[in-house]
Amino acid sequence: MNNNDEEEMNNAQEINRKRKNNQDSNQDHSQITTTKFTDEEENDMLTLSLQFPPSRPRPPLPVEKQLPPAPPPPPPQPPRPLSMQALLVQNQPQFPLHLSAATHPLYGGPPPPPPPTFFPAADYTTQPSSGTYLYRQQETTIAGPSSRSTRVRRNPTQAPREGKSETIPAPFPWATTHRATVHTLDYLVEKKILTVTGDVQCKRCERQYEMEFDLREKFHEVGCYIVKNKCTMHDRAPSRWLNPNLPACKYCEQENCVKPIISEKKKSINWLFLLLGQMLGCCTLEQLKYFCKHTKNHRTGAKDRVLYLTYLGLCKQLDPTGPFDR
Numbered sequence: 095m096n097n098n099d100e101e102e103m104n105n106a107q108e109i110n111r112k113r114k115n116n117q118d119s120n121q122d123h124s125q126i127t128t129t130k131f132t133d134e135e136e137n138d139m140l141t142l143s144l145q146f147p148p149s150r151p152r153p154p155l156p157v158e159k160q161l162p163p164a165p166p167p168p169p170p171q172p173p174r175p176l177s178m179q180a181l182l183v184q185n186q187p188q189f190p191l192h193l194s195a196a197t198h199p200l201y202g203g204p205p206p207p208p209p210p211t212f213f214p215a216a217d218y219t220t221q222p223s224s225g226t227y228l229y230r231q232q233e234t235t236i237a238g239p240s241s242r243s244t245r246v247r248r249n250p251t252q253a254p255r256e257g258k259s260e261t262i263p264a265p266f267p268w269a270t271t272h273r274a275t276v277h278t279l280d281y282l283v284e285k286k287i288l289t290v291t292g293d294v295q296c297k298r299c300e301r302q303y304e305m306e307f308d309l310r311e312k313f314h315e316v317g318c319y320i321v322k323n324k325c326t327m328h329d330r331a332p333s334r335w336l337n338p339n340l341p342a343c344k345y346c347e348q349e350n351c352v353k354p355i356i357s358e359k360k361k362s363i364n365w366l367f368l369l370l371g372q373m374l375g376c377c378t379l380e381q382l383k384y385f386c387k388h389t390k391n392h393r394t395g396a397k398d399r400v401l402y403l404t405y406l407g408l409c410k411q412l413d414p415t416g417p418f419d420r
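Residue 95 is where the sequence shown starts when you use the working numbering, and the numbers rise one by one after that.
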């Protein structure tokens, strides 16, 4: 029993000694770690203190700077004598500049429309005095834009085919011996040819008879219409010429029913009768081209263009100095 007790006591002492050694080692380790951390913190603080020097207080800004004294003003100069041109410019009155959106040249809007032009009604019941034409009186009072400029055409006409001549027997008293040509108005008045006749046929009752037109009255009517509307035609015949309003039949009294009888031979067409009755639109395109060919007019184009040239060409033949140029 004694030996066992001694062994237990020895074991207990050994255990206590180990525990004590462990506690001492732990305390030493904690002291070393604490000392290490303390040394590192001191090193960091030293580094920071070396990098950022202590800030010095800035000197206070001056409240007000002392500015140098301003230089004295220059002495006044004596007035220089003004020239006559400067005096005139100086004495001109200054008017305020009023810019209107409608009249200023920089205004981008469309210009105002021109005032309407009123034409006096033509009196066709009374004849003008000799040598004075009604359309000439209206031409001097009308101020409108002219028609488009005429382009010079190359080889506008062709010579008649072989075996045909430019001269033919005059088919009517008012026609000349040249194809598609009539006498002037002065010549016809001098020869007392004041009425132009032609054959017509009613499309309803099919009666054929002769119709006559007063030369001066009907020509003034055509001339006045051309002068009034030429600037708006643009080298094209209007609808009233393309689809003419035909006369009424004197037998059945049917309105817009009498058509002219146009000869199948182009050299025998009654051009002056068709002009005075404003029935040239009843001609075919080939017949109108025939007229333009022998009157040295360009004949290529649609019917409204060739018809327009035919009207102006016949009016120019009647009155060579009238306002019937293209």
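From the three backbone atoms N, C-alpha and C, an ideal C-beta is built for every residue, glycine too.
Problem set entry | Residue closest to residue 405, alpha-carbon to alpha-carbon, out of 388, 373, 394 | 373
Problem set entry | Exposure of residue 110, with buried meaning 16 or more beta-carbon neighbours within 10 Å | exposed
For this session: Would you kindly report the start and end of the unbroken alpha helix (DSSP H) that includes residue 345?
Result: Counting along the chain, residue 345 sits inside no alpha helix (DSSP H), nor does DSSP assign it H or E at all.
Exercise. Can the beta-carbon of residue 266 be found less than 8 angstroms from the beta-carbon of residue 364?
Worked result: yes
For this session: Compare the Cα-Cα distances from residue 351 to each of 302, 386, 333, 413 and report the closest residue.
Result: 302
For this session: List the whole-angstrom C-beta distance separating residue 274 from residue 385, where the pair is believed to meet the contact cut-off of C-beta under 8 angstroms.
Result: 4 angstroms
For this session: Using three-state DSSP, classify residue 317 as helix, strand or coil.
Result: helix
Exercise. With burial defined as no fewer than 16 other Cβ atoms inside 10 Å of the residue's Cβ, what is the status of residue 424: buried or exposed?
Worked result: Shown here, the chain extends from 95 to 420; a query on residue 424 therefore has no answer.
Problem set entry | Integer-rounded CB distance, given that residue 412 should sit under 8 angstroms from residue 279 | 5 angstroms
For this session: Tell me, to the nearest whole angstrom, how far the beta carbon of residue 345 is from that of residue 296; I am working on the premise that it is less than 8 angstroms.
Result: 7 angstroms
Problem set entry | 8 angstroms CB neighbourhood of residue 362 in its chain, flanking five on each side removed | 265
Exercise. Under three-state DSSP, which class holds residue 411?
Worked result: helix
Problem set entry | Simplified DSSP state of residue 324, which is helix, strand or coil | helix
Problem set entry | Proximity to residue 420 [Cα-Cα], best of 395, 312, 397, 391 | Put simply, of 395, 312, 397, 391 the residue whose alpha carbon is nearest the alpha carbon of residue 420 is 391.
Exercise. By Cβ distance, which residues of its chain are closer than 6 angstroms to residue 306, with the 5 residues on each side in sequence left out?
Worked result: 289, 291
Exercise. What does a CB cutoff of less than 7 angstroms around residue 418 pick up in its chain, not counting 5 residues either side in sequence?
Worked result: 320, 406, 409, 410
Exercise. With 16 other CB atoms within 10 Å as the buried threshold, where does residue 356 fall?
Worked result: Buried, since its Cβ has 16 or more Cβ neighbours within 10 Å.
Problem set entry | Contacting residues, own chain, Cβ-Cβ under 7 angstroms from residue 298 (five flanking each side not counted) | The beta carbon of residue 298 lies closer than 7 angstroms to those of 343, 346, 348, 351 in the same chain, with the five residues before and after it left out.
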